[in-house]
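Only one structure is covered here, and it is reproduced in the block below.
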Amino acid sequence: QRVSKLVWKSMATGDGLQLVRYRPGDGFGGHVDRSGVEDPTSGDIVVTVMVYLNDMEGSEAGGTTSYPMAQPEPVVVRPKLGTAVVWFSCTTEGLTDKLSYHRGRQVLKGEKWILNKFVYGTVDRCSWSPKFPKEIKYVL
Numbered sequence: 004q005r006v007s008k009l010v011w012k013s014m015a016t017g018d019g020l021q022l023v024r025y026r027p028g029d030g031f032g033g034h035v036d037r038s039g040v041e042d043p044t045s046g047d048i049v050v051t052v053m054v055y056l057n058d059m060e061g062s063e064a065g066g067t068t069s070y071p072m073a074q075p076e077p078v079v080v081r082p083k084l085g086t087a088v089v090w091f092s093c094t095t096e097g098l099t100d101k102l103s104y105h106r107g108r109q110v111l112k113g114e115k116w117i118l119n120k121f122v123y124g125t126v127d128r129c130s131w132s133p134k135f136p137k138e139i140k141y142v143l
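Below, the structure is given as structure tokens:
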């Protein structure tokens, strides 16, 4: 319910929660969370909510998530237990937002655990403007 209020969309409009574990050597290459093909019923991914389920201390652990095209400058997020990162995969015109391009850097030490929620919508659903509480640190 908290996520639903945050992005002004029903959590029923997407996949279930996705639990992901990264071990040393694992990472996820650069991508945008949209296929570019809209299902007539559910649409495509318009919002991603990612929650870190553990801390990864120090640069020797790796496992950061980077958004190299974010504006006004690139963003790198180090996993911290309970931190949620929210980003939109489409522009208000309904196009894929290239600024949401991101990658999971390789884990070097320990494990990285995340929980993802992908929220789906049709192109017309990209044209809304949510208001985020000031305690939200990263909105990409």
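For the sequence shown, the numbering used here gives the first residue as 4, with consecutive numbering after it. Even for Gly, the Cβ is constructed at its ideal location relative to N, Cα and C. Just so we're clear, the structure is a prediction, and the values are computed from it rather than from any experiment.
* Which residue or residues does DSSP assign as beta-bridge partners of Asn119? -> According to the DSSP secondary-structure assignment, Asn119 is paired through a beta bridge with Gln21, Met53.
* Could you check which residue in Gly113, Thr86, Leu98, Arg37 has the C-alpha nearest to that of Met53? => Of the residues Gly113, Thr86, Leu98, Arg37, the one whose Cα lies closest to the Cα of Met53 is Thr86.
* Which residues in the same chain have their Cβ closer than 8 Å to the Cβ of Ser69, if we skip the five residues on either side of it in sequence? -> Pro77, Val78, Val79, Val80, His105, Arg106, Arg108
* Shortest alpha-carbon distance to Leu98 belongs to which of Pro75, Phe121, Ile48, Leu84? -> Ile48
* To do: Kindly indicate the opening and closing residues of the beta strand (DSSP E) around Arg106.
  => 105 to 107
* Asked: DSSP on Ser62, reduced to helix/strand/coil?
  -> DSSP places Ser62 within a helical segment (H, G or I) once states are collapsed to three.
* Asked: Do Thr125 and Gly19 come within 7 Å of each other at the CB atom, strictly closer than that value?
  -> no
* Asked: What residue range is occupied by the uninterrupted beta strand (DSSP E) comprising Ala87?
  -> 87 to 91
* To do: Determine, using beta carbons only, whether Pro66 and Lys115 come nearer to each other than 7 Å.
  => Note that residue 66 is Gly in the sequence shown here, rather than Pro. Contact flag set, yes.
* Asked: Which residues in the same chain have their Cβ closer than 6 Å to the Cβ of Asp29, if we skip the five residues on either side of it in sequence?
  -> Val110
* Given a threshold of 16 other Cβ atoms within 10 Å of its Cβ, counted over all protein chains shown, does Thr51 qualify as buried or as exposed? -> buried
* **CB-CB length for Ala64 against Gly33, believed under 8 Å** => The beta-carbon distance between Ala64 and Gly33, rounded to whole angstroms, is 20 Å. This is too long to meet the 8 Å contact definition.
* Asked: How big is the Cα-Cα spacing for Cys93 and Tyr55?
  -> About 23 Å.
* Host beta strand (DSSP E) of Gly32 (start-end) -> Counting along the chain, the beta strand (DSSP E) containing Gly32 begins and ends at 31 to 34.
* **DSSP bridge partner residues for Val124 (one or two, in chain order)** => A small fix is needed here, since residue 124 is Gly in this sequence, not Val. DSSP output for Gly124 lists Asp47 as bridge partner(s).
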